[in-house]
Structure formats: C-alpha cells, structure tokens
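J.: Got a structure here, written out as structure tokens. Questions coming.
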Amino acid sequence: MRADMLFSFRGVLVLLLVAVLPACGFVDSGGSQAPPPASAGPDRTVQEASRVLLDASSLVDVGSIAAFQWRQSGGAPAIELQNATTAIASFAAPPVTQRAILEFTLTTVDEFGTDNSATVEITINDKPTAEAGASRRATVGGEVMLRGGASADTDGRIATFLWQITGTQETLTGPTPRFTLSPTAQSGDRFTIRLTVTDDDGGRATDTVTITADEPPVANAGANQSETEGQRVTLDGARSTDPDGEPLRFQWVQTDGGRPVTLAGATTATPSFVAPQVSTPRALTFELTVTDSLDAADTDSITVSIRPNAPPTANAGVNQSVTEGQPVTLNGRGSTDPEGNPLRFQWVQTDAGPPVTLAGATTASPSFTAPQVLIQRLLTFQLTVADSAGATAVDSITITVRQASNAPVAVNDAYSVAVGGTLVTGPVAGVLANDTDADSALLIAELVRDVANGSLTLGPGGAVTYVHDGTNTVSDTFAYRARDESGNLSNTATVSIIITAANEAPVAVADAASTPLDTPVDVPVIANDTDPDGTIVAGTVTITISPLSGSAVNNGFGAVTYSPSPGFAGTDSFQYVVQDDAGATSNAATVTITVGASTIAAASCWTTTGAQTLTASLGSGAQRATAAQTPQQYALITSGKKGTATLIDGTSGTFTYTPSKVNARGSDSFRYKTHSADGKTLTGEVTVIINPRVMPLGGAITAGVMQGAAQLPVPETRVGYRKPLQQKLNAAGYRMDFVGSQSLGAGVAGFDYQSEAHLLRSVRELARGSQAKDLNYPNTGVYAWLEQNPADFVLLHMGSENLRTASVDDVEMVLNEIDRWERDHGAQVRVLLARVIDRYPSDPRIAAFNNQVQSMAKDRMGNPINPAYPDRVRMVNQQAALKYPADLSDPMHPSASGYAKMADTWARAIKAECGPPPGATVK
Numbered sequence: 001m002r003a004d005m006l007f008s009f010r011g012v013l014v015l016l017l018v019a020v021l022p023a024c025g026f027v028d029s030g031g032s033q034a035p036p037p038a039s040a041g042p043d044r045t046v047q048e049a050s051r052v053l054l055d056a057s058s059l060v061d062v063g064s065i066a067a068f069q070w071r072q073s074g075g076a077p078a079i080e081l082q083n084a085t086t087a088i089a090s091f092a093a094p095p096v097t098q099r100a101i102l103e104f105t106l107t108t109v110d111e112f113g114t115d116n117s118a119t120v121e122i123t124i125n126d127k128p129t130a131e132a133g134a135s136r137r138a139t140v141g142g143e144v145m146l147r148g149g150a151s152a153d154t155d156g157r158i159a160t161f162l163w164q165i166t167g168t169q170e171t172l173t174g175p176t177p178r179f180t181l182s183p184t185a186q187s188g189d190r191f192t193i194r195l196t197v198t199d200d201d202g203g204r205a206t207d208t209v210t211i212t213a214d215e216p217p218v219a220n221a222g223a224n225q226s227e228t229e230g231q232r233v234t235l236d237g238a239r240s241t242d243p244d245g246e247p248l249r250f251q252w253v254q255t256d257g258g259r260p261v262t263l264a265g266a267t268t269a270t271p272s273f274v275a276p277q278v279s280t281p282r283a284l285t286f287e288l289t290v291t292d293s294l295d296a297a298d299t300d301s302i303t304v305s306i307r308p309n310a311p312p313t314a315n316a317g318v319n320q321s322v323t324e325g326q327p328v329t330l331n332g333r334g335s336t337d338p339e340g341n342p343l344r345f346q347w348v349q350t351d352a353g354p355p356v357t358l359a360g361a362t363t364a365s366p367s368f369t370a371p372q373v374l375i376q377r378l379l380t381f382q383l384t385v386a387d388s389a390g391a392t393a394v395d396s397i398t399i400t401v402r403q404a405s406n407a408p409v410a411v412n413d414a415y416s417v418a419v420g421g422t423l424v425t426g427p428v429a430g431v432l433a434n435d436t437d438a439d440s441a442l443l444i445a446e447l448v449r450d451v452a453n454g455s456l457t458l459g460p461g462g463a464v465t466y467v468h469d470g471t472n473t474v475s476d477t478f479a480y481r482a483r484d485e486s487g488n489l490s491n492t493a494t495v496s497i498i499i500t501a502a503n504e505a506p507v508a509v510a511d512a513a514s515t516p517l518d519t520p521v522d523v524p525v526i527a528n529d530t531d532p533d534g535t536i537v538a539g540t541v542t543i544t545i546s547p548l549s550g551s552a553v554n555n556g557f558g559a560v561t562y563s564p565s566p567g568f569a570g571t572d573s574f575q576y577v578v579q580d581d582a583g584a585t586s587n588a589a590t591v592t593i594t595v596g597a598s599t600i601a602a603a604s605c606w607t608t609t610g611a612q613t614l615t616a617s618l619g620s621g622a623q624r625a626t627a628a629q630t631p632q633q634y635a636l637i638t639s640g641k642k643g644t645a646t647l648i649d650g651t652s653g654t655f656t657y658t659p660s661k662v663n664a665r666g667s668d669s670f671r672y673k674t675h676s677a678d679g680k681t682l683t684g685e686v687t688v689i690i691n692p693r694v695m696p697l698g699g700a701i702t703a704g705v706m707q708g709a710a711q712l713p714v715p716e717t718r719v720g721y722r723k724p725l726q727q728k729l730n731a732a733g734y735r736m737d738f739v740g741s742q743s744l745g746a747g748v749a750g751f752d753y754q755s756e757a758h759l760l761r762s763v764r765e766l767a768r769g770s771q772a773k774d775l776n777y778p779n780t781g782v783y784a785w786l787e788q789n790p791a792d793f794v795l796l797h798m799g800s801e802n803l804r805t806a807s808v809d810d811v812e813m814v815l816n817e818i819d820r821w822e823r824d825h826g827a828q829v830r831v832l833l834a835r836v837i838d839r840y841p842s843d844p845r846i847a848a849f850n851n852q853v854q855s856m857a858k859d860r861m862g863n864p865i866n867p868a869y870p871d872r873v874r875m876v877n878q879q880a881a882l883k884y885p886a887d888l889s890d891p892m893h894p895s896a897s898g899y900a901k902m903a904d905t906w907a908r909a910i911k912a913e914c915g916p917p918p919g920a921t922v923k
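Residue numbers (my numbering): 1 to 923.
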C-alpha cells in the first residue's frame with residue numbers, strides 16, 4: 001500500500017476512533033494517548049545477493065499496534081520490499097560494485113491511530129575477488145609457492161586466505177604460502193588447490209589453481225673420449241633428456257685442474273675445443289648442467305684423455321711396370337695413422353726422367369699417362385702423408401716404363417674329335433702353336449666365344465680340352481685371342497673342330513738301347529710310336545712292367561731313363577704304354593736294354609796344364625775297360641804331338657805325359673795296345689786336353705738373370721751358373737779357362753766369366769750369326785767365336801725361345817758349325833748339350849723338342865759328320881735337379897739355387913769327359 005493511501009486511511013481511522021472511543025467510555029484520564037512502540041532492529045551489514053529480513057516481530061505481541069509499514073527511506077539502489085505491511089519484511093540484497101547503505105523506516109500504528117516510526121541501516125557489502133594465480137608446472141619433490149596476492153576487496157580488505165588442496169586434508173593460509181610437491185608424484189599428475197578469501201565484512205570469494213607435476217631433466221655428457229693432441233674434440237650432450245619434453249638449456253664447464261681449453265659453444269649441446277699439446281697423456285674433465293623451463297637441473301661429467309700424437313705411416317704401394325702411353329694409377333691407400341685420423345696426401349715426382357703431370361696429386365690415388373720412351377726408363381714418385389696434427393711420413397714408388405710392343409697375331413686352327421669323344425691337345429699342339437708375336441716369347445690364350453655342341457676348357461698356354469656332347473653334329477667352333485706379356489691383344493681367331501668317327505688307339509713300337517756298365521741311358525720311347533688319328537701325349541708314358549736289373553723312370557718328356565743296377569752287365573727290358581690326345585691307350589711295347597763290357601781297350605781322356613806332368617794309368621780314365629781284369633802287358637803305339645807320353649810300367653800301364661810347351665793348349669792324343677784275358681790284342685787311345693778352355697754358349701739362361709737391377713748391362717748384379725761352375729771345377733783341381741766375347745757376371749780375382757751368352761738368342765742365331773738384336777754385342781755365329789776364342793768344351797744350353805723361332809735342324813746347324821771349325825783347325829771340341837728347361841706348368845712342346853734333339857744327338861754319335869773327328873756330344877739333363885718353385889725365379893728361369901744345381905750338373909758332365917783332375921795319380 002502506498003504511503004499516501006496508508007496515511008489517508010490512518011486519518012480516517014483516527015477520526016473514527018476519536019468519535020467512537022469517548023462514546024464508549026475510553027477517554028484518557030490525562031487528556032492524551034501514548035504512541036505505539038516502533039523498533040526497526042539494529043543496523044547491520046549484509047552480503048550482496050543475500051536475502052535480507054527487516055524484522056519487527058518482537059512488536060507483534062504488543063496489543064496496541066494495529067498496523068506495520070516498512071519502506072525504503074534512503075540509499076541506492078532502490079529495492080522492492082516483500083511483505084512490507086507485516087512485522088517481517090524482506091528483500092534481496094542487490095549486486096553492488098562498492099559498499100552501499102540502504103535506510104529502511106518502520107511505521108507502527110496503534111488502534112487509536114497513533115503512529116510511531118523507527119529506522120534501520122542495511123549496508124550491502126561488495127564481495128572480494130579471489131585470485132589463486134595461473135596454473136603452472138612444478139618440479140616433483142620441489143617447493144611450490146602459491147600466489148594469491150592478486151585477490152582484492154574494493155570496499156575493505158581481505159581478512160583471511162584459506163587454501164585447500166583437493167583430495168587432502170591439508171590447508172594453508174596467507175596470500176603466498178609454500179608447500180612441497182609430493183616426491184612420489186608422476187610427471188603429468190595434476191593437483192587442484194582452492195583459495196577462499198574472506199573480507200573484513202565477511203564477504204567470501206573462491207578461485208582454483210592447477211599445479212602439474214614436472215620431473216627434472218637428465219643430463220648426459222656422452223661417453224668418455226680419447227683423442228690426439230691438436231685434434232678438434234666435440235663434446236656431445238645431445239642425449240640429455242627431459243621427461244616432460246621441455247626444451248633444455250646447456251652449460252659446459254671444465255672442472256679439472258689441468259691445462260685449460262677454450263670451449264666453443266659452451267651453452268650448446270655440442271661444444272668443441274682443440275686438444276692441447278701434451279708430452280705425456282693427460283685427462284681433461286668437463287661438467288654438463290642441463291636446466292628445464294622450471295629451472296630444474298641435472299649434471300653429468302665426461303673425461304677426455306689427450307695423448308701425444310704418433311706420426312702416420314706412408315705406403316706408396318708396390319712398384320709397377322707399364323708400357324708407354326698406358327694410364328698409371330698410384331695407390332697410397334695403404335697409408336695409415338695410428339690414431340685413425342684422416343690423412344692429407346702429397347705426391348711429387350723425384351726422378352730426373354721424363355716429367356709427367358700428376359692428376360690428383362693431393363689425393364690417395366693420383367694418375368698420369370706413361371710418357372713415350374726410347375729405352376726403358378724408371379720414374380720415381382714420393383708420397384708424403386700428414387695427419388691432422390701435422391705429423392708426416394714419406395714413402396716412394398718406382399714405375400718402370402717400357403717401350404710399347406707389337407700386338408700378337410692369332411691364326412685360325414682346326415682339330416678333329418670323334419663323336420662323343422674328348423680332344424686334348426696340350427700346349428704344344430694348342431691354339432697358340434701357330435700364333436706369333438714380334439717381341440714377346442710368351443703368349444696367353446683368352447676365350448672370346450665358347451663352343452655350342454660340347455664343353456671346352458682353354459688353358460692359358462693354348463691347350464684345348466674339348467668334350468663333344470654326342471649329338472649328331474659335324475662340327476663345332478670357338479673363338480679366342482692371344483695376349484702377350486705386355487698386355488697387347490691379338491685379332492680374334494676361329495678354331496674349327498670337325499666331329500669324326502670314334503678315336504683309334506695309338507701304336508707303341510718296341511725300342512732297343514745300349515749303355516755301358518753302371519751308366520744310365522735316356523730312351524726316347526715315343527719317337528717311333530704313332531697314332532692314326534691324333535697325337536701322342538708325351539707325358540702319358542706309363543711303365544707297365546718294370547725291368548729286373550735296373551729301374552725305368554718316365555721323365556715326363558716322352559723318354560724313359562733306364563738306370564742299370566750297380567755291376568749289372570747283360571740284357572734287361574721293360575714295357576710301357578702311352579695315350580693319345582683323345583685319351584686312348586696304346587698296346588704295350590717292350591724296350592730292350594743291353595748293358596755290356598767294351599770290346600776294345602779303354603779310351604781315356606785327361607786334362608793337364610802346360611806346366612804339369614800328368615801321371616795316370618792306361619785304361620783307367622773316363623771310360624774304363626770292362627773285360628776280365630787280369631795282369632796285362634801294355635805298349636805305346638804313338639807318344640803324342642803336343643807333348644810326350646812315356647810308359648813307366650808295362651804291366652800296370654802307368655804312364656806320364658808332359659806338354660812340350662808351357663803355353664801349349666788344345667787336345668793331344670796317343671795310342672796304345674794290350675792283350676785281353678782271352679788272348680785278343682786290343683788297342684786304345686788316350687786324349688789329353690792341355691790348358692782346357694770352356695765356352696758357355698746360349699741365350700738368356702746362360703747370360704744369367706738380374707737381381708735388383710732394371711737396365712742392361714749391369715754385370716755386378718747378374719746371377720748365373722758360370723761363376724759357381726768355375727768355382728766347383730777349380731776346387732776339384734781342374735784349371736779351366738772360360739772364354740767368349742761376352743763379359744757377363746761379377747769379376748772376382750782369379751776367375752774369368754767370359755761366355756757367348758746372348759739374351760733372347762735362338763740356336764738359329766747362334767749358328768748363323770745375326771745383328772737383329774743386342775747390337776752392342778758382337779754376334780757372328782759360333783764359328784767366328786771359336787776363331788776368336790778356341791775352346792775344348794762348348795756348354796750349349798737352349799732356351800724356350802727356340803719353340804717359336806728354331807727347329808731341331810737349327811740345333812744340328814750349331815753342331816755342324818763346330819764340326820766345320822774342328823776340320824779347319826784339326827781340333828776336337830766336346831759339346832755338352834743341355835735339354836731345354838721345362839716351364840711350370842709343364843709345356844708339352846718343350847718335351848717334344850727335347851726328344852727330337854736327343855734323337856738327333858744320338859744319331860750323330862753313331863754316324864758323325866766328320867769321321868776324322870767323331871762327334872763328342874753328351875746330352876745333359878738340367879731339368880732333373882730343378883724343383884718348382886724353390887729353384888725357379890719365374891715359371892721358366894732358374895733362381896740362384898737353381899743355377900747352383902745347374903753348375904753341379906755341368907761339373908759332373910765335364911768330369912765324366914775328363915777323368916780325374918790334373919796332377920792326380922791314378923793306377
């Protein structure tokens with residue numbers, strides 16, 4: 001009810017009461033009426049948005065009060081009262097931005113219309129603001145400070161701060177209390193904390209903050225290191241981690257008390273420094289501290305051991321031999337550094353030869369093109385390697401540059417094999433047999449195109465092994481090229497294989513040979529054997545029945561060496577078989593050997609010097625009489641021409657021979673007669689060689705091999721058989737002079753190493769003379785050499801070069817030239833003819849050549865060219881004593897030990913021709 005209405009009603013009511021009450025006898029005896037009580041209650045403060053009661057209920061029991069009226073009598077904002085005409089009115093405290101005072105007036109009216117009023121002030125309090133701070137991360141087990149200081153009250157002050165950690169009974173007070181985050185918390189755990197603030201008027205406000213558990217980082221300074229002085233060392237803390245993935249800050253410090261270093265990038269994960277110079281190993285220690293965004297930190301340490309630098313090792317690679325114009329690559333990759341540090345390379349040419357341009361001279365493998373040369377030249381290069389600490393090492397390499405050689409010429413070949421059969425040629429009949437090369441003795445076959453109707457194996461020496469597949473084909477082909485020692489390739493040649501009927505076995509023919517008592521003999525058993533449709537393979541000779549009174553050994557060259565048992569005389573035999581190139585085996589052939597006594601008196605040979613008298617016994621020389629030895633009577637028929645022979649004892653045959661001149665030389669002879677046990681008169685001849693001379697004759701093996709030198713001639717480095725041979729002969733008492741126009745080999749006081757040894761000479765050139773090669777050496781043939789230097793012994797050794805350029809006829813031409821010189825000068829020369837030393841692996845061509853030469857020599861001994869001076873040709877097997885690889889410096893040339901064995905073989909052959917040495921008394 002509005003106030004104006006209330007008071008209008010009150011006036012009416014009062015008038016009514018004034019008129020009625022006296023009439024009813026209710027009249028104040030004093031003449032006035034007291035007002036009703038009015039009490040609005042005490043002033044108070046309330047919180048905004050709270051329900052406020054205006055309470056005058058204590059007046060309800062006062063009977064004089066007939067009406068209550070509440071109204072807002074002051075203050076803002078205006079509010080709407082509820083139950084304003086009752087003893088208890090109410091209203092909702094409005095929101096305010098600052099403290100507001102509202103005044104309310106209570107008017108009471110009694111039954112007489114008398115009113116009274118009272119006022120009350122209600123203060124509306126503005127609630128405070130709670131600020132618990134921003135949510136954040138905190139380190140597990142670390143101290144956390146809460147930040148409630150931003151809480152505020154606009155109309156007073158904050159009286160209390162109360163913090164409650166959710167899920168616990170723990171409370172904290174104050175605007176910035178501290179607590180410890182549980183050490184058992186896991187990274188990512190969340191803790192919610194509620195802040196309640198109360199102002200001085202009792203107003204409250206709340207706020208929450210979330211603390212997320214954060215684990216500290218883990219520092220990892222890396223593994224301990226060991227480095228060399230002067231090297232750059234990089235520390236590595238990149239493996240440090242933060243469980244929460246937060247970025248880390250790095251700080252490295254040197255903690256040892258040793259030599260300080262300067263850390264570049266000390267606040268990075270990977271700082272570095274240069275290892276200091278040290279004389280002894282030193283240890284440096286560094287500490288790494290990593291810190292996350294909450295300043296949680298961890299540390300780790302590392303030790304770096306610094307050692308003195310060891311110098312590198314330079315390796316310039318192996319010496320090379322190349323042809324002019326050929327690309328050459330040097331190789332220093334074998335150089336090493338003990339610490340494994342990278343190396344710097346520098347190559348320079350140090351020789352005075354043709355200069356070359358090194359491409360990549362600062363790399364491990366520079367290259368250049370071999371220069372053009374007129375003669376063989378040596379280029380020397382020095383490699384210097386340096387490690388990262390500056391230590392250096394050097395090494396050198398020599399490159400031998402040869403003149404370019406001509407390419408070989410390959411010639412087409414043709415073979416035949418039976419259907420389903422096997423063709424085996426061996427190197428002698430292989431594809432290289434008809435190929436040529438102007439300046440290389442050794443060729444290697446390389447397959448270009450394989451066969452189509454079988455399987456093929458082409459050996460490097462040209463040997464062909466072909467197995468036909470048995471199909472109905474009439475031919476097959478393959479292609480190959482020849483490569484020489486300089487690496488030059490020939491044209492491509494085609495080999496045709498005709499497929500024929502089945503292979504026929506070879507035919508072995510019986511042989512016969514004779515030999516003196518206790519003397520081995522070589523029998524060339526395959527010389528008369530035949531094969532109707534193929535070739536006999538020399539190395540397949542097999543003894544099927546051994547001799548009873550001796551031994552038979554296949555020497556691998558198509559011949560069998562028969563050695564009679566000591567003292568055996570008579571007839572012995574053995575049987576053998578042989579195979580052809582298709583693998584077929586021959587019949588068994590019998591070889592008959594006659595071992596017997598001589599039917600004439602012994603023909604003896606002795607040597608002496610011009611100043612010595614020889615004393616010996618008739619029939620006791622190199623070829624002794626083998627008739628029954630009974631007391632005999634000897635008599636001289638002649639006494640010699642260059643000296644005088646005198647019979648001292650006619651019963652024992654003791655004689656003396658004295659040269660007529662001290663400087664006499666050459667062969668002399670005298671004849672004698674005696675009677676055998678059966679009464680026959682026998683005649684014999686004694687040959688005496690005065691001041692004997694030996695001429696070594698041959699090619700490269702006779703000249704000797706080089707040891708450590710690259711150019712010819714270099715006499716002091718040449719190794720051969722001549723020096724050890726003359727030493728052996730001198731040691732045994734044989735004073736023999738070596739003669740020839742060549743002076744190859746080291747000269748030692750008292751020795752003479754002259755010879756007719758010519759590099760790369762074939763027997764054809766030795767016989768005819770040639771100016772084609774070795775232009776610095778005179779070479780007019782063996783006749784002219786004997787003219788210049790007469791000799792009593794010629795040691796003829798043929799090399800493997802004869803397989804390409806010579807035949808057996810050329811060997812015989814050498815012997816014919818020696819015969820011609822003998823006839824012209826009335827002299828006698830003993831020829832020791834050596835077989836060609838086989839290659840390794842065995843070359844069947846050499847075996848075939850040796851067998852032909854041996855047959856030729858045997859024929860000449862039985863039918864000499866010059867009957868007045870019968871041939872004295874002795875075959876010498878130099879191959880037998882040599883073993884590969886111990887005695888060979890390569891597949892065909894002897895080493896020093898091989899030459900020593902050759903000297904032994906020559907010495908035995910010469911002694912067999914000469915008998916005991918001069919001055920020996922033999923009876």
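No residue lacks a Cβ here, since even glycine has one placed at the ideal position from N, Cα and C.
So the candidates are 667, 42, 683; which of them puts its Cα closest to the Cα of residue 673?
T.: Closest by alpha carbon: 683.
J.: What separation, rounded to the nearest whole angstrom, lies between the Cα atoms of residue 735 and residue 692?
T.: Their Cα atoms are separated by approximately 7 Å.
J.: From residue 156 to residue 299, what does the alpha carbon distance come to, in whole angstroms?
T.: When rounded, the distance between both Cα atoms is 50 Å.
J.: Run through the DSSP bridge pairs and tell me what residue 657 is partnered with.
T.: Answer by DSSP bridge pairing, in chain order: 614, 645.
J.: Residue 670 bridges to which residues according to DSSP?
T.: Paired residue(s): 686.
J.: What is the DSSP secondary structure of residue 630, reduced to helix, strand or coil?
T.: Summary for residue 630: the model assigns pLDDT 44, below 50, so the residue's position carries little reliability; its value from the coordinates is reported in the next sentence. Residue 630 falls in the coil class under three-state DSSP.
J.: Given this structure, state the Cα-to-Cα distance separating residue 346 from residue 385, to the nearest angstrom.
T.: Rounded to the nearest angstrom, the two C-alpha atoms are 6 Å apart.
J.: Which residue's Cα is closest to the Cα of residue 498: 575, 420, 481?
T.: Per the Cα distances, 420.
J.: Express the C-alpha separation of residue 473 and residue 452 in angstroms, rounding to a whole number.
T.: Going by the C-alpha atoms only, they are around 10 Å apart.
J.: How big is the Cα-Cα spacing for residue 120 and residue 50?
T.: Distance between the alpha carbons of residue 120 and residue 50 is about 17 Å.
J.: Output needed for residue 90: all residues of its chain with C-beta closer than 8 Å, excluding positions within five of it in sequence on either side, in chain order.
T.: Once the five neighbours on either side are set aside, the close Cβ partners of residue 90 are 51, 52, 53, 54, 81, 82, 83.
J.: Give every residue of the same chain whose Cβ lies closer than 6 Å to the Cβ of residue 189, excluding the five residues on either side of it in the sequence, and list them in chain order.
T.: Excluding sequence neighbours, residue 189 sits near 213.
J.: Within its chain, find whatever has a CB closer than 8 Å to the CB of residue 820; leave out the 5 residues flanking it on each side and keep chain order.
T.: Excluding positions up to five away in sequence, the list reads 783.
J.: Give the DSSP bridge partners of residue 499, in chain order.
T.: Residue 499 is bridged to 417.
J.: With distance defined between alpha-carbon atoms, name the residue in 789, 704, 335 nearest to residue 723.
T.: Nearest C-alpha to residue 723: 704.
J.: According to DSSP, simplified to helix, strand and coil, what is residue 173?
T.: Note: residue 173 maps to strand in three-state DSSP.
J.: Taking residue 938 as part of the alpha helix (DSSP H), name the residues at either end of that continuous run.
T.: The requested residue 938 is not part of the displayed model; the chain covers only 1 to 923.
J.: Closest to residue 872 by CA distance: which of 794, 881, 781, 167 is it?
T.: The shortest Cα separation from residue 872 among 794, 881, 781, 167 belongs to 794.
J.: Could you tell me whether the region 470-488 touches the region 530-537, using the rule of 3 or more Cβ pairs below 8 Å?
T.: Segments in contact, no.
J.: So, using beta-carbon positions, are residue 505 and residue 445 closer together than 8 Å?
T.: Not a contact, by the Cβ cut-off of 8 Å.
J.: Note down, in chain order, each residue of its chain lying with its Cβ closer than 6 Å to the Cβ of residue 339, except the 5 sequence neighbours on either side.
T.: Closer than 6 Å at Cβ, skipping near neighbours: 228.
J.: Based on DSSP bridge pairs, tell me the residues matched to residue 696.
T.: Its beta-bridge partners are 795.
J.: Report the option in 461, 161, 426, 241 whose CA atom is closest to the CA atom of residue 442.
T.: Taking only the C-alpha atoms, the option nearest residue 442 is 461.
J.: From this set, 57, 834, 99, which residue's C-alpha is nearest residue 76's C-alpha?
T.: Looking at the Cα atoms, 99 is the closest of the given residues.
J.: How many Å lie between residue 393 and residue 403 at the Cα?
T.: Answer to the nearest angstrom: the Cα atoms are 33 Å apart.
J.: To the nearest whole angstrom, what separates the beta carbons of residue 851 and residue 375, a pair I think is in contact under 8 Å?
T.: Between residue 375 and residue 851 the Cβ distance is about 40 Å, and since that is not below 8 Å, they are no contact.
J.: Which two residues bound the contiguous beta strand (DSSP E) that contains residue 162?
T.: That run of the beta strand (DSSP E) goes 158-165.
J.: Helix, strand or coil for residue 213? Go by DSSP, reduced to three states.
T.: The answer is strand: DSSP assigns residue 213 an E or B state.
J.: Work out the CA separation of residue 235 and residue 222 for me, nearest whole Å.
T.: Spanning the two alpha carbons is a distance of roughly 7 Å.
J.: Grouping DSSP H, G and I as helix and E and B as strand, with all else coil, what is residue 908?
T.: It is helical.
J.: How many angstroms separate the CA atom of residue 272 from the CA atom of residue 341?
T.: Cα-Cα distance, rounded: 17 Å.
J.: Provide the residue(s) that pair with residue 402 in DSSP beta bridges, ordered along the chain.
T.: Answer is 323.
J.: DSSP three-state label for residue 724, please.
T.: The answer is helix: DSSP assigns residue 724 an H, G or I state.
J.: Leaving out five residues before and five after residue 45 in sequence, what residues of the same chain have Cβ atoms less than 6 Å from its Cβ?
T.: Closer than 6 Å at Cβ, skipping near neighbours: 123, 125, 201.
J.: For residue 970, count neighbouring C-beta atoms within 10 Å of its own C-beta (all shown protein chains included) and say buried if the count is 16 or more, exposed if not.
T.: Absent from the structure is residue 970, since the part of the chain shown begins at 1 and ends at 923.
J.: Are the CB atoms of residue 559 and residue 754 nearer to each other than 8 Å?
T.: Their beta carbons are not under 8 Å apart, which means residue 559 does not touch residue 754 by this criterion.
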